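Visitor: Residue numbers for the sequence shown, in UniProt numbering: 1 to 269.
Structure provided below as structure tokens; questions to follow.
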Amino acid sequence: MFKRNRHGIQIKSPEQLEKMRAAGLVVGRTLDLLKRSVEPGMTPLDLDVIAEKAIRDEGAIPSFKGYQGFPATICASVNNEVVHGIPTDARKLREGDIISIDCGAILEGWHGDSAVTVPVGEVDPKLTELMRITEEAMWRGIAALKVGRHLSDIGYEVERYVRSQGRFGIPPEYGGHGIGTEMHMDPWIANHGRPGKGPVLEEGMCLAIEPMVNLGTERTRVLADDWTVVTIDGKHSAHFEHSVAVTHNGPWVLTALDGGEERLSQPQN
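Given below as structure tokens:
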């Protein structure tokens, strides 16, 4: 049985959270392998092959493949591609590129979903900073996942941190989501907004927190493949994501190999 609160948000039991953690670890280990595999000369399709094998070797199923017609195991978004890039062998990764790798897996009916942005060799310091800001914004949002806080507090913390770092674009159409027996569930989670709004966070909620931050404008468009989202101005974008459970002890990062312990224990300035 799957419990839902009055807002329709799925609430997991402790036993179900353990199953979510198992699925999350499959994704976390796969992304760790992919991060170590990225190098100049590879194609996004090479990474997709590695990801599918890693997921299936753990007895799991790639959750992206076939989802609403998506043809691959990972989303691979390079440079000015914000999200949902289709991995192909049409181009090779070059020194100085950045690539966002979004990965999902299903294990025993439960979903894990996570994303990282990875430099290809040495990259421009501006891109290193963009990736740092985006990842830190994700962790600021994750830190807000505490019983009694409100859903909008997540996006508020993400936006507040990004705005404190300079002029960057936060695409308003894209954000996080609930996750559990489906990859995308209620609620949708904006990466911006005012605090103290929306449902109160409850123990057993599982949410995917995923800021996308652009070096330039927030404006985007979708390419002719009906999937790949790119920045209007052609400037680079970064994307990070973790699936997180709300517990009485605070956020439990299901797709982080250490459960998020190291990053969440660091003081926030």
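Ideal placement from N, C-alpha and C gives every residue a C-beta, glycine not left out.
These numbers were taken from a predicted model, which means no experiment stands behind them.
What residues in its chain sit with their C-beta under 6 Å from that of V229, if we drop five residues either side in the sequence?
Guide: Residue mapping note: residue 229 aligns to position 229 of the sequence shown, counting from 1. Correct list, in chain order: V82, V83, H84, T220 and V222.
Visitor: Along the chain, which unbroken stretches of the beta strand (DSSP E) at least 3 residues long are found entirely within the stretch 51-93?
Guide: 74-78 and 81-83
Visitor: Would you grab the beta carbon distance between V49 and A105 for me? Rounded to a whole angstrom, and I think it's under 8 Å.
Guide: On the sequence shown, position 49 is the one that residue 49 refers to. On the sequence shown, position 105 is the one that residue 105 refers to. For a cut-off of 8 Å, the C-beta gap from V49 to A105 is around 15 Å, too long to register as a contact.
Visitor: Have a look at Y156 and I74 and give me their C-alpha separation to the nearest angstrom.
Guide: Position 156 of the sequence shown holds residue 156. Position 74 of the sequence shown holds residue 74. Answer to the nearest angstrom: the Cα atoms are 28 Å apart.
Visitor: What's the call for G141, buried or exposed, on a 16-neighbour Cβ count within 10 Å?
Guide: Along the sequence shown, one-based indexing puts residue 141 at 141. Buried: at least 16 other Cβ atoms inside 10 Å.
Visitor: Compute the Euclidean distance between the alpha carbons of S37 and E135, then round it to the nearest angstrom.
Guide: Position 37 of the sequence shown holds residue 37. Position 135 of the sequence shown holds residue 135. Those two C-alpha atoms are separated by around 20 Å.
Visitor: By the DSSP assignment, the alpha helix (DSSP H) with V213 in it spans what residues?
Guide: To locate residue 213, count along the sequence shown from 1; it is residue 213. For V213, no alpha helix (DSSP H) encloses it; the enclosing beta strand (DSSP E) starts and ends at M212 to N214.
Visitor: With burial defined as no fewer than 16 other Cβ atoms inside 10 Å of the residue's Cβ, what is the status of R194: buried or exposed?
Guide: For this step, residue 194 is matched to residue 194 along the sequence shown. Classification of R194: exposed, given that the 10 Å Cβ count is below 16.
Visitor: Pull up the DSSP beta-bridge partners for V49, would you.
Guide: Here residue 49 refers to the residue found at position 49 of the sequence shown. Looking at the DSSP assignment, V49 forms no beta bridge with any residue, so it has no partner.
Visitor: Nearest to P211 by CA position, among A115, Q165 and L201, is which residue?
Guide: Residue numbering aside, residue 211 sits at position 211 when the sequence shown is read from its first letter. The candidate whose alpha carbon is nearest that of P211 is A115.
Visitor: Start and end of the alpha helix (DSSP H) containing L107?
Guide: Counted from its first residue, the sequence shown places residue 107 at position 107. Element bounds for L107: not the alpha helix (DSSP H) but the beta strand (DSSP E), I98 to L107.
Visitor: Report the residue from G259, S237, A23 and E261 whose alpha carbon sits nearest the alpha carbon of S77.
Guide: The sequence position of residue 77 within the sequence shown is 77, counting from 1. It is S237 whose Cα lies nearest to the Cα of S77.
Visitor: Leaving out the 5 sequence neighbours to the left and right, which residues in its chain are closer than 6 Å to A190 when beta-carbon positions are compared?
Guide: Along the sequence shown, one-based indexing puts residue 190 at 190. Hits under 6 Å: G155 and G175.
Visitor: Is residue 339 helix, strand or coil by DSSP?
Guide: Examination of residue 339 is not possible in this model, given that the chain is present from 1 through 269 alone.
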